[in-house]
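J.: Read top to bottom, the protein sequences are chains E and D. For any residue, its number in this note's numbering is found by taking its place in the first sequence, counting from 1, and adding 265. For any residue, its number in this note's numbering is found by taking its place in the second sequence, counting from 1, and adding 11. Sharing a structure with you now.
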Amino acid sequence: MDVTITEIGSVTKAALAGRLDSAQVGVVESQFTSGIIPKEQDTLVDLSSVTFIASLGIRMLLTVARGLSRHGARMILFGATPEVMEILETTALSDIIPVFDSEGDALAEVSA
Amino acid sequence: MADIDQTQIVTLARDIDLVAGDRLHCLEYSLSADSEERHVIGPLGLKIGRTSPADIVIADSEVSRGHCMVTIVGEDVVVADLGSTNGTYVDGTRVTAPTVLPVGSVLQVGNRSIKHEWRTSSEIKQSDDFNRELKMAASYVRALLPEPVTDQSIRARWTYLPSAKLGGDAFGYGHLRDELFVCYLVDVAGHGAGAAMHAVAIMNQLRQHALPNTDMADPAAVLRRLNELFQMDEHAGLYFTIWYGVYDGATRRLEYASGGHHASYLVSRDRSEAMPLRTRNTLIGAMPGIQYKSDSLIVPNGHRLFIFSDGVYEIIDKDGKQWGIADFVALLQNGPEDHADETNRLYREVCARARPDTLDDDFSLVMLTFD
């Protein structure tokens, strides 16, 4: 599991790659959280290279999204594969964290 | 008894200076929810087989009498198959010649998965203490689970096997009032005693049928109240999913709601139909003020309801494929039924297909039969 955090103007972009299973959440959670929340700005999370998300992975996303919202910033997910989308849909996570198809759509949402 | 044997082996290993930097190569495995074994690999190695005098005896018909041998060669641990019928596997690959067993790898012998760990003696003690605490927590969760029901118009069976790390699964069922029968399963995201304690707190609310100002026969109202009571910010960042149903024996109507939980399945008597029962609602505790939706249907005679946690199907199979819920539903509808013990049959089927290191979450499966 890899995390790559970059910035697009005043937006944080975090790209996750690999299986976000229980073991891997333990490996990347600290980097993911500390790389996003202190910036206190809208954040796009690229899921296009994520092959699986376990419940602890959902928790990691939720925790950071809630951390951002306390600073008035939003998290937006994009690029989920059909398999990952099925997991997100099961939890109805998109009711809390918006999910878009592409990076362009996600960026347009935070720019709106 | 196992603890005593284990301690003796560790002491022996230290006395004969087997310890490299105070570390010991160990083979570790779970026997059941409440029982684990650790064997330190000594200078003579460990022989694994179905009968004594093997050092590790596995009473499994798929294991040969003398199945394989694990030895220390230089700084490596090496496994050699002893001509077994069903083979020895390291991380899913069959052993055809003496093969290094890396630290962290999983040795598969018959249906038993054995992990190679390299531990300090203090780690072994800490791990023993930690496992003891987890076992106590698992025993407590298990004590809250209902007895199977075999002699009423609604029959209930279940299989519950907490993972070695102990997850946050729990479930319950029983009569609410009159002809109303309630059933539910909760799955707290996380592992360890914290997740189990959270599951126990939720269970205690549900078992008493005593959520404040809530009609326990109204699944959407129950989920809404749980969401108010268990917001993750106030509960150590823990959220959970739930499936909650209420069956009215007078009308045969089942009303249900799920909060972030996958579908339960209503399977016809002949198993030709498996109907997913789920309402799209978000996780419990993730955000305040959510309204939850329920749905309902009439349950035909002889249909069975399967309620389960994601640990039942979130595995990687031996071909390397990530399973989804459809793979498990196929098991519900196919294969020879075990009428006396169907939930355990399904557990065995999943185990037989799972890559051993991926069956690492609680396995909770409840089957209700509506006559």
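Ideal Cβ placement from N, Cα and C applies to all residues, glycine included. What you are looking at is a predicted structure, and each value in this text was computed from that prediction instead of being measured.
1) Please determine, among D:Gly331, D:Leu288, D:Met298 and D:Val90, the residue with the shortest C-alpha to C-alpha distance to Phe319 of chain D.
2) Evaluate contact between the stretch 185–198 of chain D and the stretch 244–257 of chain D, counting only Cβ atoms and requiring at least three cross-stretch pairs below 8 Å.
3) Does Ala148 of chain D pass the burial test, meaning 16 or more other C-beta atoms within 10 Å, or should it be called exposed?
4) Are the stretch 230–244 of chain D and the stretch 302–318 of chain E touching by the rule of at least three beta carbon pairs closer than 8 Å?
5) I want to know whether the stretch 170–181 of chain D touches the stretch 133–152 of chain D - three or more CB-CB distances under 8 Å.
6) When DSSP labels each residue in this structure, what does Tyr171 of chain D get in the three-state scheme?
7) Below 8 Å, can you find three or more Cβ-Cβ pairs linking the stretch 334–350 of chain E to the stretch 348–361 of chain D?
8) Does the beta-carbon of Glu325 of chain D have 16 or more other beta-carbons within 10 angstroms, so that it is buried, or is it exposed?
9) Expressed to the nearest angstrom, what Euclidean distance is found between the alpha-carbon atoms of Glu144 of chain D and Ile273 of chain E?
10) Just to confirm, are Arg280 of chain D and Gly313 of chain D a CB contact at a threshold of 7 Å?
11) Of the choices D:Val51, D:Tyr276, D:Asp330 and D:Ala232, whose alpha-carbon is the least far from that of Thr131 of chain D?
12) Would a C-beta distance cut-off of 7 Å place Asp307 of chain E and Val375 of chain E closer than the cut-off?
13) Between the C-alpha atoms of Leu217 of chain D and Leu237 of chain D, what's the straight-line distance to the nearest angstrom?
14) Within the stretch 219–302 of chain D, note down every full alpha helix (DSSP H) run reaching 4 residues or more, in order along the chain.
15) State yes or no: is the C-beta of Thr293 of chain D within less than 7 Å of the C-beta of Asp306 of chain D?
16) According to DSSP, is Glu39 of chain D helix, strand or coil?
17) Who are the Cβ neighbours of Arg284 of chain E in its own chain at under 7 Å, not counting the five residues just before and after it?
18) Distance check for Ile323 of chain E and Pro363 of chain E, CA to CA, integer angstroms please.
19) For Pro223 of chain D, which residues from the same chain have a beta carbon less than 8 Å from its beta carbon, with the 5 sequence-adjacent residues on both sides left out?
20) Would Ala330 of chain E count as contacting chain D if we go by Cβ distances under 7 Å?
21) Please name the residue or residues paired with Val74 of chain D in a DSSP beta bridge.
22) Taking Cβ-Cβ distances below 8 Å as the criterion, which residues of the stretch 297–322 of chain E are in contact with chain D?
23) Per DSSP, what kind of secondary structure is Ile301 of chain E in: helix, strand or coil?
24) When Cβ atoms are compared, which residues of the stretch 357–374 of chain D fall closer than 8 Å to chain E?
25) What did DSSP end up calling Asp45 of chain D once you bin it into helix, strand or coil?
26) Can you pull the chain E residues whose beta carbon is under 9 Å from the beta carbon of Asn292 of chain D, in chain order?
27) Buried or exposed: Ser72 of chain D, going by 16 or more other Cβ atoms within 10 Å of its Cβ?
28) Could you confirm whether any beta carbon from chain D is found closer than 7 Å to the beta carbon of Leu327 of chain E?
29) To which residues does DSSP link Ser307 of chain D through a beta bridge?
30) Where do the N-terminal and C-terminal ends of the alpha helix (DSSP H) with Glu354 of chain E fall, by residue?
31) Between His246 of chain D and chain E, is the shortest Cβ-Cβ distance under 7 Å, so that the two count as touching?
32) From the beta carbon of Asp71 of chain D, is the nearest beta carbon of chain E less than 7 Å away?
33) Less than 8 Å between the CB atoms is what I'm expecting for Tyr250 of chain D and Ala200 of chain D, so what's the real figure, rounded?
34) What did DSSP end up calling Glu353 of chain D once you bin it into helix, strand or coil?
35) Quick one: does Met208 of chain D have its CB under 7 Å from some CB of chain E?
36) Does the CB of Arg339 of chain E have a neighbour CB from chain D at under 7 Å?
T.: If we stick to the structure as given:
1) Of D:Gly331, D:Leu288, D:Met298 and D:Val90, the residue nearest in Cα terms is D:Leu288.
2) Taking 8 Å as the limit for Cβ pairs, the verdict is that the stretch 244–257 of chain D does touch the stretch 185–198 of chain D.
3) buried
4) Touching, no, given that fewer than three Cβ pairs across the two stretches are closer than 8 Å.
5) yes
6) In this structure, Tyr171 of chain D counts as strand in the three-state DSSP scheme.
7) Contact check between the stretch 334–350 of chain E and the stretch 348–361 of chain D: fewer than three CB pairs, one atom from each, fall below 8 Å, which does not count as touching.
8) So Glu325 of chain D ends up on the buried side.
9) Between Glu144 of chain D and Ile273 of chain E, the alpha-carbon positions lie close to 47 Å from each other.
10) Going by beta carbons, Arg280 of chain D and Gly313 of chain D fall inside the 7 Å limit.
11) D:Val51
12) Contact check for Asp307 of chain E against Val375 of chain E passes: the beta carbons are separated by less than 7 Å.
13) 9 Å
14) Counting whole runs of 4 or more residues, the stretch 219–302 of chain D contains the alpha helix (DSSP H) stretches 230–240.
15) no
16) When DSSP states are grouped into helix, strand and coil, Glu39 of chain D belongs to the strand group.
17) Met266, Thr316 and Phe317
18) 13 Å
19) The answer, listed in chain order, is Arg236.
20) no
21) According to DSSP, which records beta bridges pairwise, Val74 of chain D is partnered with nothing at all.
22) Thr316, Phe317, Ala319, Ser320 and Leu321
23) helix
24) Asp371 and Asp372
25) Here the model assigns Asp45 of chain D a pLDDT of 48, short of 50, so the residue's position is not dependable, and the following value carries that caveat. Looking at Asp45 of chain D - three-state DSSP - the assignment turns out to be coil, as it is neither helix nor strand.
26) Near Asn292 of chain D (Cβ distances below 9 Å), the residues of chain E are Ala357 and Asp360.
27) exposed
28) yes
29) D:Glu266
30) Pro347 to Thr356
31) Chain E contact via Cβ: absent.
32) no
33) 6 Å
34) Helix, per DSSP.
35) no
36) no
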